[in-house]
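K.L.:
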Amino acid sequence: MPGERAKLTIPDLAAKKAAGERLVMVAVGEVLTATWAERAGVDIVGVGDSLGMTLHGHENTLAITVDQMIDHCRAVRRGAPRTLALVSMPFGSYATPDIAVQNALRLMKEGGADAVKLQAGREGAHIIRAVADAGVPVMSHVGLLPHRVHMLGGFKTQGRTAEAAMEIVENARAIEAAGAIGLEIEAMPYEVGKAVDEAVSIFTFSIGAGAAGTCQLLNGYDLLGAFDTFKPKFAKR
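Whatever position you read off the sequence shown (first residue = 1), add 18 for the numbering used here.
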C-alpha cells in the first residue's frame, strides 16, 4: 500500500536527483487532502502559502502569517505522517537572517516541517546560508516568485528572453552555493527550467515549467478542480 512506504528523507532527495528518478509533490493545506495525498502515494506534500488563496480567499499569498503556516502544517502532518513535508515560509518571515532563522526553527519545531522553502536568489543568499547554518533543511525558488507579485505586475511567466533566462540560472547556482538542499522552478519555458535543473546538483521541482526538474508539483486544489477563482495555464484538473 502507498501509505506503508518508507518516508523520504532529505538525503533521499539528492540521491533521486543523481539517479534521474522522478518524484511527485502535491500542495495541500489541511488534514483531508493530506490524507488523500498520502493514500495516493504522493512522494512529498508541500504546505505552500498558496493556501492563502485556496483556503483563505486572499487575492495573493502575501497575507498569510507564520502562525497560520504552523497550524496548517500541523494539520497536514496529522493527515500525512509518513510523507515528507516541505513548508513555505510566508512573505516577510525571512526579511533578515535573524528573522529567517527564528521563523524557520518555529516551522520545524512547532509545525513539524521536514524542510522549509523561501523565495530568494543571489540577493538573499546570505539569508539562505543563515537558515542552512542553523541546521534547517532549506530550499528556495526561481522564476515566478509569488512574494514579488506586485513587482512583477502579476503572475506572469518568467525567463522569456536570453538575459532573463541567464539571470534565473545564475540565481539557481547562487541558491545551491548558499547551502540550499533544493529549489523550485516556477512558470518558465521548459528549456529554461531544464537549464536550471542541469546547472545545479541539488534537488529541483517544477510547476509550470514542463517536465523540468526531478519532481513535478501541482496544487492539490487545482488538481481536484476545487479552486476556480484563479486558474494558471499549467494547472491540470
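Cβ coordinates follow ideal geometry from the N, Cα and C atoms, glycine included.
1. Can you check which of these residues, 165, 242, 159 and 241, is closest to residue 81 by C-alpha distance?
2. For the beta strand (DSSP E) containing residue 175, list its first residue and its last residue.
3. With a Cβ-Cβ cutoff of 8 Å, do residue 64 and residue 84 count as a contact?
4. Which term fits residue 106, buried or exposed, when burial requires 16 or more other beta carbons within 10 angstroms of its beta carbon?
5. Go through the segment 213 to 243 residue by residue and report every complete run of the alpha helix (DSSP H) that reaches 4 residues or more, in order.
6. Here's the rule: buried if 16 or more other CB atoms are within 10 angstroms of the residue's CB, otherwise exposed. What is residue 204?
7. Would residue 102 be called buried (16 or more neighbouring beta carbons within 10 Å of its own) or exposed?
8. Taking 8 Å as the threshold, find out whether the segment 85 to 95 comes into contact with the segment 105 to 125 through three or more Cβ pairs.
9. Please give the ranges of any beta strand (DSSP E) in the segment 28 to 101, keeping only runs that are unbroken, at least 3 residues long and fully inside the region.
10. Should the segment 137 to 144 be regarded as contacting the segment 189 to 197, the criterion being three or more beta carbon pairs within less than 8 Å?
11. Just how far apart, CA to CA, sit residue 57 and residue 36?
12. Report yes if the C-beta distance between residue 79 and residue 109 is below 8 Å; otherwise report no.
13. Which of the three DSSP states, helix, strand or coil, is assigned to residue 181?
14. Just the C-alpha distance for residue 159 and residue 121, rounded to the nearest angstrom, thanks.
15. What is the C-beta distance between residue 198 and residue 134, in whole angstroms, given that I count them as a contact (C-beta under 8 Å)?
16. Give a yes or no on whether the C-beta atoms belonging to residue 312 and residue 221 are separated by under 8 Å.
17. According to DSSP, is residue 113 part of a helix, a strand, or is it coil?
18. Specify, as a first and last residue, the run of the alpha helix (DSSP H) that residue 203 falls within.
19. Can you grab the Cα-Cα spacing for the pair residue 196 / residue 151, in whole Å?
P.N.:
If we stick to the structure as given:
1. As a first step, residue 81 must be located in the sequence shown, where it is residue number 63. Cα-wise, what sits closest to residue 81 is 165.
2. Numbered from 1 along the sequence shown, position 157 holds the residue referred to as residue 175. For residue 175, there is no enclosing beta strand (DSSP E), as DSSP marks it with neither H nor E.
3. Within the sequence shown, residue 64 is the residue found at index 46, counting from 1. Within the sequence shown, residue 84 is the residue found at index 66, counting from 1. No, they are not a contact pair.
4. Counted from its first residue, the sequence shown places residue 106 at position 88. Per the 10 Å Cβ criterion, buried.
5. 238 to 241
6. As a working mapping, residue 204 is identified with position 186 in the sequence shown. With a 10 Å radius around the Cβ and a threshold of 16 neighbouring Cβ atoms, residue 204 comes out buried.
7. Here residue 102 is taken as the residue at index 84 of the sequence shown, counted from 1. Answer is buried; the Cβ neighbour count reaches 16.
8. Enough Cβ pairs lie closer than 8 Å, so yes.
9. 41 to 45 and 62 to 65
10. Counting Cβ pairs under 8 Å, three or more are found: they touch.
11. Within the sequence shown, the letter at position 39 stands for residue 57. Within the sequence shown, the letter at position 18 stands for residue 36. Roughly 27 Å between the two C-alpha positions.
12. Counting from 1 along the sequence shown, the entry for residue 79 is found at position 61. Counting from 1 along the sequence shown, the entry for residue 109 is found at position 91. Yes. Within cutoff.
13. Within the sequence shown, the letter at position 163 stands for residue 181. If DSSP states are grouped into helix, strand and coil, residue 181 belongs with the helices.
14. Against the sequence shown, residue 159 aligns to sequence position 141. Against the sequence shown, residue 121 aligns to sequence position 103. Rounded to the nearest angstrom, the two C-alpha atoms are 18 Å apart.
15. Position 180 of the sequence shown, counted from the start, is the residue given in the question as residue 198. Position 116 of the sequence shown, counted from the start, is the residue given in the question as residue 134. So it is not a contact: roughly 10 Å between Cβ atoms.
16. The structure shown has nothing for residue 312, since the chain only spans 19 to 255.
17. Residue 113 sits at position 95 when you count from the first residue of the sequence shown. In this structure, DSSP gives residue 113 a state outside helix and strand, which the three-state scheme calls coil.
18. The residue you call residue 203 lines up with position 185 of the sequence shown. That residue, residue 203, is in no alpha helix (DSSP H); its beta strand (DSSP E) goes 200 to 204.
19. Position 178 of the sequence shown holds residue 196. Position 133 of the sequence shown holds residue 151. Cα to Cα, the separation comes out at about 10 Å.
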